[in-house]
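*Asks:* Before anything else, here's the structure in question.
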Amino acid sequence: MPSSDPPRGGCCSRFCSSLFSLGFLILIYWLIFQPHQIRVYMNSATLSNFSLSDPTSTSPSLSYNLSLNISLRNPNRKIGIYYDCLSATAFYNGSQLGQTESNFFESFFQHTKSTRMVYPVFEGSQGDLSKDVKDAFNNDKNDGAYNLDVKLNAKLRHKLWFIKLSFKPKIDCWLSFPLTANGSASMAAEPVPRKCRVKY
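Letter by letter, the sequence shown follows residues 911 to 1110 of my numbering.
Written out as structure tokens, the structure reads:
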């Protein structure tokens, strides 16, 4: 007696129907509640050390000590946000200076219309610098300011009732530290506070 295989069309139809229903629910959720992306501000930035070990060397090391005060704002009235992961990385002329540990920021839940403060710190020495970084350091010194880029990578979930949607926004904060009269970087970045770019 020939065996009868289960019809594949029914399974495919049910899958497509479920997928369509999920997409429709997400669309309704978006239209009704109009969720806003997080807002990130650099409130203050302190650069207490930023120097080359030997500017005349072919491979100098760059010492740095950067402390940040960053605010994360949830502007939504009805949507809470889970921060499952949040890491920060500092760059100078495209070269990574240091990265906070992946668990530097503990996961947390941010309530509606609230602000959370985080305080990344980068301290250390970066060796084996490329000629481009060395040239950028000397050029910035001549121009009168050192420019750094701080990137935040986040894994978020928006929560509304039983609905949770995941996002991985990329956050960029550009910092400029004017040089003092003696040629060293000033302690405070200018201008602050300043809004960081958030891209979903």
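Note that CB positions come from ideal geometry on N, CA and C, so glycine has one too.
Going by DSSP, name the residue or residues bridged to Ile1081.
*Replies:* In DSSP, Ile1081 forms a bridge with Leu1062, Val1108.
*Asks:* Apart from the five residues on each side of it in sequence, which residues of its chain come closer than 8 Å, Cβ to Cβ, to Leu1066?
*Replies:* Excluding residues within five positions, the ones whose Cβ falls inside 8 Å are Ile948, Ile991, Tyr992, Tyr993, Asp994, Ser1076, Phe1077, Lys1078, Pro1079.
*Asks:* For Ser958, which residues from the same chain have a beta carbon less than 7 Å from its beta carbon, with the 5 sequence-adjacent residues on both sides left out?
*Replies:* Excluding sequence neighbours, Ser958 sits near Asn975, Met1097.
*Asks:* Go through the region 946-988 residue by residue and report every complete run of the beta strand (DSSP E) that reaches 3 residues or more, in order.
*Replies:* Counting whole runs of 3 or more residues, the region 946-988 contains the beta strand (DSSP E) stretches 949-962, 972-984.
*Asks:* Would you kindly work out how many angstroms separate the C-alpha atoms of Phe1072 and Lys988, rounded to a whole number?
*Replies:* Straight-line Cα distance between these residues: approximately 13 Å.
*Asks:* Note down, in chain order, each residue of its chain lying with its Cβ closer than 8 Å to the Cβ of Lys1074, except the 5 sequence neighbours on either side.
*Replies:* Around Lys1074: Tyr992, Arg1067, His1068.
*Asks:* As a quick exercise: from Val1108, Trp1084, Arg1104, pick the residue whose alpha carbon is nearest that of Gly1004.
*Replies:* Taking only the C-alpha atoms, the option nearest Gly1004 is Trp1084.
*Asks:* Are the CB atoms of Tyr951 and Pro1088 nearer to each other than 8 Å?
*Replies:* No, these two residues do not count as a Cβ contact at 8 Å.
*Asks:* What number of angstroms, rounded off, separates the C-alpha of His1021 from the C-alpha of Asn984?
*Replies:* The straight-line gap from Cα to Cα measures roughly 7 Å.
*Asks:* Kindly indicate which residue of Asp1042, Leu996, Ala1046, Phe960 has the alpha-carbon position closest to the one of Ser1035.
*Replies:* The shortest Cα separation from Ser1035 among Asp1042, Leu996, Ala1046, Phe960 belongs to Phe960.
*Asks:* Tell me where the alpha helix (DSSP H) around Val1043 begins and ends.
*Replies:* Taken as a continuous stretch (DSSP letters only), the alpha helix (DSSP H) holding Val1043 covers 1041-1053.
*Asks:* Tell me whether Ser1096 sits in a helix, a strand or coil according to DSSP, three-state version.
*Replies:* Correct three-state label for Ser1096: coil.
*Asks:* Closer than 6 Å by C-beta to Asn953: which residues in its own chain qualify, once you throw out the five before and the five after it? Chain order, please.
*Replies:* The residues are Asn979, Ser981, Pro1103.
*Asks:* Examine the ligand GTP and report whether any of its heavy atoms sits within less than 7 Å of the Cβ of His1021.
*Replies:* Ligands displayed in this structure: none; no statement on the ligand GTP is therefore possible.
*Asks:* Exposed or buried, Ala1091, counting other C-beta atoms within 10 Å across all chains shown (16 or more means buried)?
*Replies:* Exposed, since its Cβ has fewer than 16 Cβ neighbours within 10 Å.
*Asks:* May I ask you to report which of helix, strand or coil DSSP gives Ser928?
*Replies:* Helix at Ser928.
*Asks:* Under 8 Å, do Ile1081 and Ala1064 count as touching if we go by C-beta distance?
*Replies:* Taking 8 Å as the Cβ cut-off, Ile1081 and Ala1064 qualify as a contacting pair.
*Asks:* Considering only C-alpha positions, which residue in the set Cys926, Gly1037, Phe1015, Ser1017 is nearest to Ser969?
*Replies:* If we check each option's Cα against that of Ser969, Gly1037 comes out closest.
*Asks:* DSSP state of Ser1024, grouped into three classes?
*Replies:* Reduced to three states, the DSSP call for Ser1024 is strand.
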